[in-house]
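To start, the structure itself, in structure tokens.
In UniProt numbering, the protein residues as written are 1 to 457.
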């Protein structure tokens, strides 16, 4: 069709959705325009839509059916041509699988989604909380945004309609932990629908949960600090205000105590992230200790900033072990590499027999190649008794889904330890994002040098 007529189809669509009760993104409008143009060409050539695998009575009561009827009705009047009812129903299905209902017409999420979908979404959020210790029940933006997306996603699966995701590669590379949460969500939805969820859909789910995780991190970003001071309450309060004047947005001082009142159980109970002390405290506490002078000058400010708010991977350092690094390994397929690493992990008693199967289950859901010649295979669930990282470079890159991979980082996180999981993903993201680092790792032949590169961030 001429470009002018494509524009005309678009204007008819906009006529019926602008200011209405549904919303389509620009990409979704373009897809609908193309669909209607193809349907028109097909019908004019007498190639009609085959019988649909859904009940007609189920569709004609939807508001999307009325909108589809109006759009195609305008075209029929202009072209003196009648669309078969199957075409109207197919456009209805297209709208049901992409269009979202405008939220401002509803008082709450349950009214917007309907009781069944709302209950299913709550089940999903419960499983995410149970499996990943991420609490999203009160994130209204996620409840509305993901809820609306879930409603259209279930329709796409029901009517066997596929959707393209141009952001998939970027999401997998830049938001690996959010994508992992989305894999879990996709698994729950797939079980509910009795079919596997396409990777493109998992990518869209990751966008919603990535936003929610960022909001959650903002809420929890203040580090909880205990102040230990030996010179009395007056000077301790002065030091407290000096510290907060510099770090009020990043630090919460939850209490002031003396050294002899300091108890390890209180650190756990109060969820203390760090201690700032004017006196020397022997090592052995489960949190970092930063010694400062009561004067608290620029040097002290810099010390706190470097210790607490500069990204340091010291917390990952214990997992970078010589006996879990394998350089210039020879393998022809990703399965070879994964099996090799899983066997090594089993030899060292890190994993059970079902570990390889779980890693491959995760690969089959969505390949773990993230670009930059890196893959991060890992099990579908948290399986191991302790957290570990394994590194492997290859003599030659192997195919990994639609990418080439030469650096493999296999990891597993201790059961019920989502703090380790988030920390590992932050660390892995830093590695994956640095082309220079990847080149150094692939060229390194000495394990000690390999370790030094990993810890040099």
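From the three backbone atoms N, C-alpha and C, an ideal C-beta is built for every residue, glycine too.
Residue from the options with nearest C-alpha to residue i
i           : options               : result
residue 328 : 441, 250 and 245      : 441
residue 212 : 142, 414 and 119      : 142
residue 383 : 412, 247 and 181      : 412
residue 325 : 448, 25, 216 and 217  : 448
residue 251 : 242, 74 and 339       : 242
residue 321 : 391, 24 and 134       : 391
residue 299 : 344, 246, 259 and 317 : 246
residue 275 : 284, 268, 74 and 290  : 290
residue 169 : 454, 402, 333 and 444 : 402
residue 249 : 222, 317 and 209      : 222
Cutoff 8 Å: residue i Cβ touching any chain D Cβ
i           : result
residue 206 : The structure shown has no chain D; it contains just one protein chain.
Same chain only: Cβ atoms within 8 Å of residue i, ignoring 5 sequence neighbours per side
i           : result
residue 272 : 224, 225, 226, 254, 266 and 287
residue 385 : 350, 414 and 415
residue 131 : 184, 381 and 382
residue 364 : none
residue 176 : 370, 376, 425, 428, 429 and 432
residue 342 : 351, 355, 356, 359 and 410
residue 244 : 251 and 253
residue 303 : 290 and 292
Residue i: CB within 7 Å of a non-hydrogen atom of the ligand FMN
i           : result
residue 173 : Ligands are entirely absent from the displayed structure, and the ligand FMN is therefore not among its contents.
Same chain only: Cβ atoms within 7 Å of residue i, ignoring 5 sequence neighbours per side
i           : result
residue 125 : 136 and 137
residue 70  : 16
residue 458 : Past the edges of the chain, shown from 1 to 457, lies residue 458, and the structure says nothing about it.
residue 97  : 152, 155, 156, 159 and 161
residue 204 : 149 and 165
residue 311 : Confidence in residue 311 is poor, its pLDDT being 45 and thus under 50, which makes the residue's placement unreliable; the coordinate value appears in the next sentence. Counting only Cβ-Cβ distances below 7 Å, and skipping sequence neighbours, we find nothing.
residue 445 : 327 and 328
Same chain, Cβ closer than 6 Å to residue i, five either side skipped, listed in chain order
i           : result
residue 8   : none
residue 432 : 370, 372 and 374
residue 439 : none
residue 127 : 188
residue 129 : 135
residue 196 : 190
Per-residue DSSP class, three states only, for residue i
i           : result
residue 127 : helix
residue 257 : strand
residue 271 : coil
residue 175 : coil
residue 314 : The pLDDT assigned to residue 314 is 48, lower than 50, so where the model puts this residue is not dependable, and the model offers no usable value.
residue 97  : helix
residue 287 : coil
residue 167 : coil
residue 301 : helix
residue 263 : coil
residue 226 : strand
residue 281 : coil
residue 28  : helix
**OP:** Scan the UniProt domain "PTS EIIA type-2" (318-457) and note each continuous alpha helix (DSSP H) run of 4 residues or more that stays entirely inside, going in chain order.
**Re:** Within the UniProt domain "PTS EIIA type-2" (318-457), the complete alpha helix (DSSP H) runs of at least 4 residues are 334-347, 355-365, 418-432, 435-443 and 447-454.
Original post:
Which ranges would you report for the alpha helix (DSSP H) in the segment 135-160 if only whole runs of at least 4 residues count?
Top reply: Entirely contained in the segment 135-160, the alpha helix (DSSP H) runs reaching 4 residues are, in chain order, 140-158.
Subject >> Contained alpha helix (DSSP H) runs [length at least 4] in the segment 38-83, N- to C-terminal order >> reply: 56-59 and 63-79, all fully within the segment 38-83.
**OP:** Report yes or no: do three or more beta-carbon pairs, one from the segment 352-363 and one from the segment 154-163, lie closer than 8 Å?
**Re:** They do not touch, by the three-pair rule.
Subject >> Complete runs of the alpha helix (DSSP H) confined to the segment 184-216 [at least 4 residues] >> reply: Complete alpha helix (DSSP H) runs here, min 4: none at all.
**OP:** For the segment 57-77 and the segment 112-122, state whether three or more C-beta atom pairs, one from each stretch, are separated by less than 8 Å.
**Re:** Result no; under three Cβ-Cβ pairs closer than 8 Å.
Original post:
Using 8 Å as the Cβ pair cut-off and three pairs as the minimum, do the segment 107-116 and the segment 178-195 touch?
Top reply: Between the segment 107-116 and the segment 178-195 there are fewer than three C-beta pairs closer than 8 Å, too few to call the two in contact.
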